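There are 2 protein chains.
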Amino acid sequence: MGIAERKQRQQDEVRAAILAQSWQIVEESGWEALSIRRIADGIEYSTPVIYKHFESKDAILEAFSQEGYALLADQLSGSQHTGDTPESRLMSIAQAYWEFATRHPRHYQIMYGLGIPTCEMVREIREIKQVSDVLHTAIEEAIRAGKNPETDTHLKATTFWSILHGLVAMSLIAVPGCPEKARLTLEDAINGFVKALMN
Amino acid sequence: MGIAERKQRQQDEVRAAILAQSWQIVEESGWEALSIRRIADGIEYSTPVIYKHFESKDAILEAFSQEGYALLADQLSGSQHTGDTPESRLMSIAQAYWEFATRHPRHYQIMYGLGIPTCEMVREIREIKQVSDVLHTAIEEAIRAGKNPETDTHLKATTFWSILHGLVAMSLIAVPGCPEKARLTLEDAINGFVKALMN
DNA sequence: TTACTTTTGCTGACAGTGTTAACTTTTATA
DNA sequence: TATAAAAGTTAACACTGTCAGCAAAAGTAA
Chain A
3 MGIAERKQRQ
13 QDEVRAAILA
23 QSWQIVEESG
33 WEALSIRRIA
43 DGIEYSTPVI
53 YKHFESKDAI
63 LEAFSQEGYA
73 LLADQLSGSQ
83 HTGDTPESRL
93 MSIAQAYWEF
103 ATRHPRHYQI
113 MYGLGIPTCE
123 MVREIREIKQ
133 VSDVLHTAIE
143 EAIRAGKNPE
153 TDTHLKATTF
163 WSILHGLVAM
173 SLIAVPGCPE
183 KARLTLEDAI
193 NGFVKALMN
Chain B
3 MGIAERKQRQ
13 QDEVRAAILA
23 QSWQIVEESG
33 WEALSIRRIA
43 DGIEYSTPVI
53 YKHFESKDAI
63 LEAFSQEGYA
73 LLADQLSGSQ
83 HTGDTPESRL
93 MSIAQAYWEF
103 ATRHPRHYQI
113 MYGLGIPTCE
123 MVREIREIKQ
133 VSDVLHTAIE
143 EAIRAGKNPE
153 TDTHLKATTF
163 WSILHGLVAM
173 SLIAVPGCPE
183 KARLTLEDAI
193 NGFVKALMN
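As you go down the protein sequences, you meet chains A and B in turn.
Each residue of the first sequence is one higher than the one before, starting from 3 at the first, in my numbering.
Each residue of the second sequence is one higher than the one before, starting from 3 at the first, in my numbering.
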């Protein structure tokens, strides 16, 4: 009596096909080219089928946004323990953040283009919280090792995140031609931030 | 023979009406509600008339983007000479930048939502260049007054701009509820940046 | 004033968008 | 094999930006 299981499997396949087709369209032609009809064409189904799997087009975008945060969280966690000082660890995280944005620009676009992560989102969406947690942990560690242990962790973490986002948004998206200069800008800014953080 | 002049005047009025109506729609319902048909309805003309004044919808958006940069340049110029040290002047500029974004969020949205200012844009569009110039001047002055006179001005100016944008994007758009905290974050970050800038 | 020309503006269409109600076909169960 | 449920399709609604072709008004010249 594996009928229900097979059905579920088939549905899962369709859902996966929707996402795969969507991603193919986005990679080839960008987010603005993504449309329900184009997805339906690609997977050889009619448009309403998509609505059996996703409540709306926005839901599809959100799925990719979440995927992006999961990927980012992964990369950041991987760099979390690189380096032997809190300073170098913060720098590693910053570089991982930057690398993620350059490697996955389409992901970064929806993650921050369709509404920057709000406090509620950080609370509700696990993937965003993971990113936020990595940043908070690294900042907290640096504060403890620094000369001002009663510094506001949350304040510094949002500052850190904001600086990272600002640099990525400007350097990466605005000047896609010279990634070397962008990297220098990043390292310089983070160096300054870290020095100010630890006195 | 003031016929041509009167005609020009009438055309200018229609153009102004298009922009005024557009702005009313945007203020009331946001950028996503702005449509050519709605504008046409509002000014009591048919849709093709709009295309006599603007090449496309994007051209209308660009007009507002430019207006935004002009406004921003104004505010920054006004704060350029507030304060008697280079440090305090940079802080004034940062605060003016922040104030502009909170006071004119719709403007800020198109200015940075529809493509962040690239190097070419800064070169080509006068309004953006004015903003860029104010930042460069203030940074240059601070570098000269600091302990590292051979610091790269352009690098530091883009860093300054990036940090400002990052803070605005995150603090303002993400957490619209608590402007006080956002302001603190801004001042803290800029303080750190300035200290690192001047050693 | 009349005839002609240019400007101005409108109608209606094209090709596309997200979304959904109603219907048909396929599939599984009794 | 009849029936109920699930799956999938067609066709529409209400939008979107854009534009070709046509009607009307306004200006110019005889």
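Just so it is clear, CB atoms sit at the ideal spot from N, CA and C, and this is done for glycine as well.
In this text, all values refer to a predicted model and were calculated from it rather than measured experimentally.
Query                                                                                                                       : Result
Contacts of residue 195 (chain B) in chain A (Cβ-Cβ under 7 angstroms)                                                      : 194
Secondary structure, alpha helix (DSSP H): runs of 4+ residues fully inside the region 77 to 105 of chain A                 : 88 to 105
Same chain, Cβ closer than 7 angstroms to residue 66 (chain B), five either side skipped, listed in chain order             : 109, 112
Integer-rounded CB distance, given that residue 145 (chain A) should sit under 8 angstroms from residue 131 (chain A)       : The pair is not a contact, with the Cβ atoms about 20 angstroms apart (cut-off 8 angstroms).
Contacts of residue 36 (chain B) in chain A (Cβ-Cβ under 9 angstroms)                                                       : Within chain A, no residue comes near residue 36 (chain B); the closest Cβ sits about 17 angstroms away, beyond 9 angstroms.
Assigned secondary structure, residue 130 (chain A) (DSSP; H/G/I helix, E/B strand, else coil)                              : helix
Which of helix, strand or coil DSSP assigns to residue 114 (chain B)                                                        : helix
Residue 152 (chain A), DSSP secondary structure in three states                                                             : coil
Three CB pairs or more closer than 8 angstroms across the region 87 to 106 of chain A and the region 134 to 150 of chain A  : yes
Residue-chain proximity (residue 200 (chain B), chain A), Cβ-Cβ < 8 angstroms                                               : no
Contact with chain B by residue 169 (chain A), beta-carbon distance below 8 angstroms                                       : yes
Contacting positions in the region 52 to 86 of chain A - beta carbon closer than 9 angstroms to chain B                     : none
Given 8 angstroms, three or more beta-carbon pairs between the region 7 to 26 of chain B and the region 45 to 64 of chain B : yes
For residue 167 (chain B) and residue 171 (chain A), believed in contact at Cβ under 8 angstroms, the rounded distance      : 6 angstroms
Coil, strand or helix - residue 193 (chain A) by DSSP                                                                       : helix
Beta carbon of residue 80 (chain A) nearer than 8 angstroms to that of residue 98 (chain A)                                 : yes
is_contact[residue 164 (chain B), chain A] using C-beta, thresh 8 angstroms                                                 : yes
Proximity test, residue 53 (chain B) beta-carbon vs the ligand MG heavy atom, cut-off 7 angstroms                           : Judged by which ligands are present, the structure shown has none, so any question about the ligand MG falls away.
Under 8 angstroms between C-beta atoms of residue 187 (chain A) and residue 173 (chain A)                                   : yes
Within-8 angstroms CB hit, residue 147 (chain A) to chain B                                                                 : no
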